[in-house]
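Asker: The following block contains the structure, expressed as structure tokens.
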Amino acid sequence: MGWIEMAIATLRSWTLAEIAARFDLSFQGEAQTTITGIATLNNASEHDLTFFANPLYREKLRDCRAAAVVMNADAARDYAQACLISAQPYLAFARIATVCAQHSTAQASGIHASAVIAEDVQLSADVSIAAQVVIGSGCEIGAGSSIGAGTVLEPGVIVGDHCTIMARCWLGAGTRLGDRVRVHPGAVLGSDGFGLAWSGHGWEKVPQLGGLLISDDCEIGANTTIDRGSIDNTVLEADVRLDNQIQIAHNVHIGEHTAIAACTGIAGSTRIGQRCLIGGGCGIGGHLHIADDIELTGMSMVTRSLTQAGAYGSAIPVEPVRTWRRNMARLRNLDRLIRELMNGNKHA
Amino acid sequence: MGWIEMAIATLRSWTLAEIAARFDLSFQGEAQTTITGIATLNNASEHDLTFFANPLYREKLRDCRAAAVVMNADAARDYAQACLISAQPYLAFARIATVCAQHSTAQASGIHASAVIAEDVQLSADVSIAAQVVIGSGCEIGAGSSIGAGTVLEPGVIVGDHCTIMARCWLGAGTRLGDRVRVHPGAVLGSDGFGLAWSGHGWEKVPQLGGLLISDDCEIGANTTIDRGSIDNTVLEADVRLDNQIQIAHNVHIGEHTAIAACTGIAGSTRIGQRCLIGGGCGIGGHLHIADDIELTGMSMVTRSLTQAGAYGSAIPVEPVRTWRRNMARLRNLDRLIRELMNGNKHA
Amino acid sequence: MGWIEMAIATLRSWTLAEIAARFDLSFQGEAQTTITGIATLNNASEHDLTFFANPLYREKLRDCRAAAVVMNADAARDYAQACLISAQPYLAFARIATVCAQHSTAQASGIHASAVIAEDVQLSADVSIAAQVVIGSGCEIGAGSSIGAGTVLEPGVIVGDHCTIMARCWLGAGTRLGDRVRVHPGAVLGSDGFGLAWSGHGWEKVPQLGGLLISDDCEIGANTTIDRGSIDNTVLEADVRLDNQIQIAHNVHIGEHTAIAACTGIAGSTRIGQRCLIGGGCGIGGHLHIADDIELTGMSMVTRSLTQAGAYGSAIPVEPVRTWRRNMARLRNLDRLIRELMNGNKHA
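Residue numbers (our numbering), protein chains in the order written: chain A, 33 to 380; chain B, 33 to 380; chain C, 33 to 380.
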């Protein structure tokens with residue numbers, strides 16, 4: 033654990049039997065085995081817990097020195113040392129680690145003296161507000177929610193129960209969060225959309241009057257931006273998961289359980305279905321409809337609606353520059369080349 | 033209005049005749065019709081104003097329950113209910129909504145006690161400075177400008193009149209804003225450019241000494257970054273409009289009225305013309321010259337100067353993954369395949 | 033210098049001989065020539081220093097009015113006016129400008145009264161902490177380091193000596209910086225990675241427990257985000273240089289001296305070699321290995337490991353929209369078209 037232990041410190045000591053009982057797992061090995069840390073298969077030492085979920089790492093399992101390994105029943109049959117058994121070892125590991133990690137991220141409860149909170153703000157029980165926070169008039173913060181240092185809530189923001197808003201976020205007027213929403217540092221929620229009308233002499237700003245509704249259990253990555261609606265709302269349904277540096281334009285609607293990787297941008301008024309998996313660096317045009325259960329590979333561009341579930345892609349993988357340049361020189365003329373070749377065939 | 037009304041509240045009540053007089057529009061219908069909100073064609077209820085600008089929505093207009101609809105004279109001829117008539121209905125709607133929306137975004141004037149402002153800062157009349165703002169020595173803030181919570185102005189920043197700098201922005205030394213500039217949350221203006229010199233043993237930083245000049249009426253989106261010049265200035269001419277998460281490198285010069293959609297990046301020392309429309313997710317190389325009136329479709333890559341006005345594109349739209357993979361396998365070998373086919377034709 | 037002089041002010045006056053002595057350069061011309069500013073070849077006036085490194089600008093050199101020009105010995109032979117002579121004129125210029133520029137960016141030493149610093153934080157000598165900073169329990173700040181306004185350090189962050197952390201950054205628990213690290217405004221270091229496990233009913237968060245290790249002499253651009261490791265650490269080796277708005281996912285490892293341009297994203301657990309040069313807007317997939325001395329052109333996508341040093345590319349440069357659309361229509365069917373053409377050839 034080395035560095036991590038020093039930095040994030042203090043997992044309390046568990047026994048193998050205690051973990052098994054707490055997470056309803058069976059186990060092999062000595063019930064009193066002491067576990068004080070989490071580590072990878074590679075680096076686990078004799079008091080660490082790790083997991084085995086990917087058959088590619090079977091060799092690493094053989095050399096593993098961990099106190100115990102989370103694995104499925106099949107793997108456990110061949111394993112002579114201490115293990116915790118689960119049909120979904122990655123999920124079980126995630127749940128165990130969540131409980132262990134709480135020790136290091138638990139925030140002090142209470143309201144820091146340097147926070148600037150309007151008089152009429154409604155704070156529920158067990159709210160934690162860090163230093164230098166600013167909360168505008170009419171905001172409501174639900175029970176057990178925490179607001180990180182330097183975060184700004186404009187007037188009228190509603191935050192549900194048990195939300196974690198990390199440091200240095202901004203939530204604009206018209207933003208409402210459900211329960212258990214998690215917002216990472218630097219996120220901007222409810223900014224004005226990019227609405228412009230040409231007057232003949234220059235641009236005039238189209239005022240952005242809609243709200244932003246983020247439903248229960250959503251997660252918003254660091255420095256991600258989501259615009260408020262122009263008239264109606266921008267909406268994230270429950271359990272939408274957004275990575276870092278994503279841009280969601282005004283009036284977008286994203287369905288339940290959809291997960292989007294970093295650096296993707298979605299243009300205005302597009303509707304994304306449920307359970308979609310969208311890779312990093314994608315661009316999705318405006319006013320489109322993406323059906324449920326669509327998967328996009330990284331850096332794909334979508335310019336028309338996709339109505340059939342399934343996987344789609346469009347980006348080109350790298351080649352050595354000489355090959356790439358030659359191919360691009362052909363691609364520039366592809367239509368003409370194909371036409372000539374077809375005529376050549378005909379003439380032949 | 034439901035949710036929005038609750039969240040952003042309080043459009044004051046207007047009559048149809050008052051709006052027509054204020055915005056110099058003619059109208060049909062009962063002059064005393066009360067309007068208290070803004071809504072889409074879809075959702076407008078009997079006290080809302082909406083607009084009709086896109087013929088695709090003609091059917092929605094038929095079922096619309098709005099108090100009044102902004103539309104052009106042609107449409108009004110066939111419309112039996114209350115309407116406001118304009119040759120540019122979207123623009124007229126934008127102007128009306130701007131006035132209505134002012135009620136909800138009006139910031140309290142004055143200087144918050146928690147702001148840290150150097151002694152020699154020059155504040156003009158009617159300046160508003162929110163909580164936790166930091167303003168360095170030698171800054172000047174023009175009349176009627178407002179600085180949002182947690183924003184930092186390094187020493188020597190000049191802000192013109194009637195600017196709106198939202199919360200949590202950063203303006204670096206050497207940054208000067210004209211009048212009526214609007215900066216959205218999280219924007220970083222005047223950061224160091226990416227200047228490196230290789231010493232033979234490692235990188236040495238090339239100091240970034242230029243300024244950043246943002247002219248009148250520009251708008252800068254959330255979490256957008258613009259670097260200061262390396263020696264001369266980075267410049268945005270008047271009425272440049274930047275969406276969220278755009279990156280503008282050092283020494284870039286952008287012409288009047290150019291609008292750029294989200295997630296686009298422009299490399300150093302490139303010059304962009306006037307009235308360009310640049311789609312989202314584009315990449316424009318360094319040291320290029322993009323002429324006036326150029327349009328780029330989303331996710332385009334520009335690697336040479338573009339001297340002719342017109343529309344350009346380069347990205348590939350998605351296909352189902354199987355088709356995409358097969359096409360990419362061909363594209364990898366495109367030069368060779370075309371050559372073989374040409375030889376085949378010749379030999380045939 | 034105009035605008036810049038006004039904005040960033042106060043380079044102190046040097047003589048040509050003083051600069052030559054300080055930077056161990058020879059010179060031509062009058063030793064007592066006064067230099068008070070830095071400018072481009074184009075704009076230099078009679079008290080400015082400039083440099084000549086690119087033969088393309090030879091004509092500009094002829095008309096240059098600078099007090100002195102940094103150039104190599106070859107160029108100096110043909111140059112009748114004052115110059116400083118270096119085998120690496122751009123590097124020499126960078127070093128001179130660094131010393132000159134220090135006057136304008138030197139931060140006041142000391143700790144601002146509005147900063148919120150936990151009692152057990154260890155501050156070394158000559159630490160500068162600006163207004164509204166928040167520093168959590170257990171942090172350590174090395175000698176001569178400065179923390180800009182509004183920056184937040186979560187508990188347990190370790191900052192080395194002579195680091196410059198600009199305003200409005202966020203450093204998460206488990207983040208450790210070496211010496212002389214420079215972090216630009218809005219950067220988020222050590223955020224949670226995007227770790228999700230599907231439970232059958234919804235996503236569960238996989239806790240992110242690893243650290244982030246940023247080694248000596250690294251530079252991190254504005255609004256760039258780097259995730260902490262999931263179990264082990266995310267690592268930047270010494271002298272890694274990251275531009276603005278880059279996204280580095282959990283467990284990524286980047287080798288010494290690698291430089292990455294703006295808007296590039298690197299997915300989880302990928303290992304990048306030493307001395308790589310990665311263009312802007314690239315996307316690099318997860319769990320890959322990129323060898324030493326790899327160069328990627330802008331907007332490239334990498335989906336497999338690259339084991340051979342060299343330059344790679346994949347993006348398509350723009351064409352006029354009509355040509356582009358026609359070519360894309362062919363590309364959609366490329367596999368089928370090539371197949372038909374091959375059969376045509378065979379039949380012919």
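All residues carry an ideal CB built from backbone N, CA and C; glycine is no exception.
For a contact defined as C-beta to C-beta under 7 angstroms, what are the partners of B/GLY182 on chain A?
Answerer: On the second sequence, position 150 is the one that residue 182 of chain B refers to. Chain A residues near B/GLY182: VAL166, GLY182 and VAL184.
Asker: Given a cut-off of 7 angstroms on the beta-carbon distance, is the pair A/GLY297 and B/ALA294 in contact?
Answerer: What you label residue 297 of chain A is simply residue 265 of the first sequence in a count that begins at 1. What you label residue 294 of chain B is simply residue 262 of the second sequence in a count that begins at 1. Yes.
Asker: Between the stretch 203-235 of chain C and chain B, which residues of the former have a C-beta closer than 9 angstroms to a C-beta of the latter?
Answerer: ARG214, HIS216, PRO217 and GLY218
Asker: Count the other C-beta atoms from every protein chain shown that fall within 10 angstroms of the C-beta of A/ALA199, then say buried if there are 16 or more, exposed otherwise.
Answerer: Position 167 of the first sequence, counted from the start, is the residue given in the question as residue 199 of chain A. The residue in question, A/ALA199, is buried, as its Cβ has 16 or more Cβ neighbours within 10 Å.
Asker: Please report how far the alpha carbon of B/MET360 lies from the alpha carbon of B/ILE304, in whole angstroms.
Answerer: In the second sequence, residue 360 of chain B corresponds to position 328, counting from 1. In the second sequence, residue 304 of chain B corresponds to position 272, counting from 1. If I take the Cα positions, the gap works out to 33 angstroms.
Asker: With DSSP run on the structure shown, which of helix, strand or coil describes B/TYR111?
Answerer: For the purposes of this step, residue 111 of chain B is taken as residue 79 along the second sequence, with counting starting at 1. Looking at B/TYR111 - three-state DSSP - the assignment turns out to be coil, as it is neither helix nor strand.
Asker: CB A/ILE190 to CB A/ALA219, shorter than 7 angstroms?
Answerer: The residue labelled residue 190 of chain A in the question sits at position 158 within the first sequence. The residue labelled residue 219 of chain A in the question sits at position 187 within the first sequence. Cβ atoms of A/ILE190 and A/ALA219: not closer than 7 angstroms.
Asker: Using the rule of at least 16 other Cβ atoms within 10 Å of the residue's Cβ for burial, across every protein chain shown, is A/SER346 buried or exposed?
Answerer: To locate residue 346 of chain A, count along the first sequence from 1; it is residue 314. With 16 or more Cβ atoms within 10 Å of its Cβ, A/SER346 is classed as buried.
Asker: Do the CB positions of C/CYS195 and C/LEU185 come within less than 7 angstroms of each other?
Answerer: Numbered from its first residue, the third sequence carries residue 195 of chain C at position 163. Numbered from its first residue, the third sequence carries residue 185 of chain C at position 153. The answer is no: Cβ separation not under 7 angstroms.
Asker: Rounding to the nearest angstrom, what Cα-Cα distance links A/ARG214 and C/ILE179 in this structure?
Answerer: Sequence index remark: in the first sequence, residue 214 of chain A carries index 182 (1-based). Sequence index remark: in the third sequence, residue 179 of chain C carries index 147 (1-based). When rounded, the distance between both Cα atoms is 27 angstroms.
Asker: Whose Cβ in chain C lies nearer than 8 angstroms to the Cβ of A/GLU351?
Answerer: Numbered from 1 along the first sequence, position 319 holds the residue referred to as residue 351 of chain A. Under the 8 angstroms cutoff, chain C gives TYR344, GLY345 and SER346.
Asker: Are the stretch 274-281 of chain B and the stretch 238-255 of chain B in contact at 8 angstroms, needing three or more beta carbon pairs?
Answerer: yes
Asker: Which residues share a DSSP beta bridge with C/LEU274?
Answerer: In the third sequence, residue 274 of chain C corresponds to position 242, counting from 1. BP columns for C/LEU274 point to C/ILE252 and C/ILE292.
Asker: Quick one: Cα of C/GLU269 to Cα of C/LEU244, how far?
Answerer: For the purposes of this step, residue 269 of chain C is identified with residue 237 of the third sequence, where counting begins at 1. For the purposes of this step, residue 244 of chain C is identified with residue 212 of the third sequence, where counting begins at 1. Looking at the two C-alpha atoms, the distance is approximately 11 angstroms.
Asker: Can you confirm whether A/ALA270, when its beta carbon is compared against all beta carbons of chain B, has any partner nearer than 7 angstroms?
Answerer: Taking the first sequence and counting its residues from 1, the one referred to as residue 270 of chain A is at position 238. No, its Cβ sits nowhere closer than 7 angstroms to a Cβ of chain B.
Asker: Could you name the residues of the same chain whose beta carbon sits closer than 7 angstroms to that of B/MET38, not counting the 5 residues immediately before and after it, in chain order?
Answerer: Taking the second sequence and counting its residues from 1, one reaches residue 38 of chain B at position 6. Unreliable placement is indicated for B/MET38, whose pLDDT of 32 sits below 50; no coordinate value is reported for it.
Asker: What whole-angstrom Cβ distance do C/ALA112 and C/ALA99 have, given they're in contact under 8 angstroms?
Answerer: Numbered from 1 along the third sequence, position 80 holds the residue referred to as residue 112 of chain C. Numbered from 1 along the third sequence, position 67 holds the residue referred to as residue 99 of chain C. Not quite, the Cβ-Cβ distance comes to about 14 angstroms (not below 8 angstroms), so this is no contact.
Asker: Should B/ASP324 be listed as close to the ligand MG, given that the test is whether its C-beta is under 6 angstroms from any heavy atom?
Answerer: Judged by which ligands are present, the structure shown has none, so any question about the ligand MG falls away.
Asker: Between the Cα of B/GLY188 and the Cα atoms of B/CYS171, B/SER337, B/SER247 and B/ALA343, which residue gives the shortest distance?
Answerer: Sequence index remark: in the second sequence, residue 188 of chain B carries index 156 (1-based). Selected option, being the one with the closest Cα: B/CYS171.
Asker: Leaving out five residues before and five after A/HIS321 in sequence, what residues of the same chain have Cβ atoms less than 6 angstroms from its Cβ?
Answerer: To locate residue 321 of chain A, count along the first sequence from 1; it is residue 289. The residues are ARG303 and SER337.
Asker: By how many angstroms is the C-alpha of B/ALA119 removed from the C-alpha of A/GLU236?
Answerer: The residue given as residue 236 of chain A occupies position 204 in the first sequence. The residue given as residue 119 of chain B occupies position 87 in the second sequence. Between A/GLU236 and B/ALA119, the alpha-carbon positions lie close to 16 angstroms from each other.
Asker: Does any CB atom of chain C fall closer than 7 angstroms to the CB of B/ASP324?
Answerer: As a position in the second sequence, residue 324 of chain B is number 292, starting the count at 1. For B/ASP324, the answer is no, since every Cβ of chain C falls outside 7 angstroms of its Cβ.
Asker: Give the single residue among B/VAL148, B/ARG109, B/CYS308 and B/GLY317 whose Cα lies nearest to the Cα of A/TRP230.
Answerer: Translated into the one-based positions of the first sequence, residue 230 of chain A becomes position 198. Comparing Cα positions, the closest option is B/CYS308.
Asker: Within 10 angstroms of its Cβ, does B/GLY232 collect 16 or more other Cβ (buried), or is it exposed?
Answerer: As a first step, residue 232 of chain B is located in the second sequence; it is residue number 200 there, counting from the start. Exposed.
Asker: Compare the C-alpha of C/ASN283 against each of C/ASP80, C/ASP224, C/ALA205 and C/GLY376 and name the closest.
Answerer: The residue you call residue 283 of chain C lines up with position 251 of the third sequence. Selected option, being the one with the closest Cα: C/ASP224.
Asker: Of all the residues that make up the stretch 353-368 of chain B, which are near chain A by a beta-carbon distance shorter than 7 angstroms?
Answerer: VAL353, TRP356, MET360, LEU363, ARG364, LEU366 and ASP367
Asker: For a test of the three-state rule: what should DSSP assign to A/MET103, helix, strand or coil?
Answerer: Here residue 103 of chain A refers to the residue found at position 71 when the first sequence is read from its first residue. A/MET103: strand per DSSP, three-state reduction.
Asker: Could you check which residue in B/ALA49, B/GLY142, B/VAL131 and B/LEU228 has the C-alpha nearest to that of B/LEU116?
Answerer: Within the second sequence, residue 116 of chain B is the residue found at index 84, counting from 1. Looking at the Cα atoms, B/ALA49 is the closest of the given residues.
Asker: When the cut-off is 7 angstroms and only beta carbons count, does A/LEU88 lie next to chain B?
Answerer: Locating residue 88 of chain A in the first sequence gives position 56, where the first residue counts as 1. Look at A/LEU88: its C-beta is not under 7 angstroms from any C-beta on chain B.
Asker: Which complete beta strand (DSSP E) runs does the stretch 295-354 of chain B hold, if anything under 3 residues is left out?
Answerer: 326-328 and 342-345
Asker: Among A/LEU155, A/ASP152, A/GLN154 and A/SER160, whose alpha-carbon lies nearest the alpha-carbon of A/HIS144?
Answerer: In the first sequence, the residue the question calls residue 144 of chain A occupies position 112. Considering only alpha carbons, the answer is A/SER160.
Asker: Who are the near neighbours of B/TRP202 in its chain, counting only those whose CB is closer than 6 angstroms to its CB and skipping five residues on each side?
Answerer: Here residue 202 of chain B corresponds to residue number 170 of the second sequence, with the count starting at 1. Same-chain partners within the cutoff: VAL184 and VAL220.
Asker: Can the beta-carbon of B/ILE370 be found closer than 7 angstroms to that of A/LEU369?
Answerer: As a working note, residue 370 of chain B is residue 338 in the second sequence. As a working note, residue 369 of chain A is residue 337 in the first sequence. Yes, the pair counts as a contact, with Cβ atoms nearer than the cut-off.
Asker: Can you pull the chain B neighbours of C/GLY313, defined as C-beta to C-beta under 7 angstroms?
Answerer: As a working mapping, residue 313 of chain C is identified with position 281 in the third sequence. The answer, in chain order, is GLY297 and GLY315.
Asker: What did DSSP end up calling B/ASP224 once you bin it into helix, strand or coil?
Answerer: On the second sequence, residue 224 of chain B is found 192 positions in, with the first residue counted as 1. Looking at B/ASP224 - three-state DSSP - the assignment turns out to be coil, as it is neither helix nor strand.
Asker: Nearest to B/ALA299 by CA position, among B/GLN340, B/ILE280 and B/MET103, is which residue?
Answerer: Here residue 299 of chain B refers to the residue found at position 267 of the second sequence. Of the candidates B/GLN340, B/ILE280 and B/MET103, the one whose C-alpha sits nearest the C-alpha of B/ALA299 is B/ILE280.
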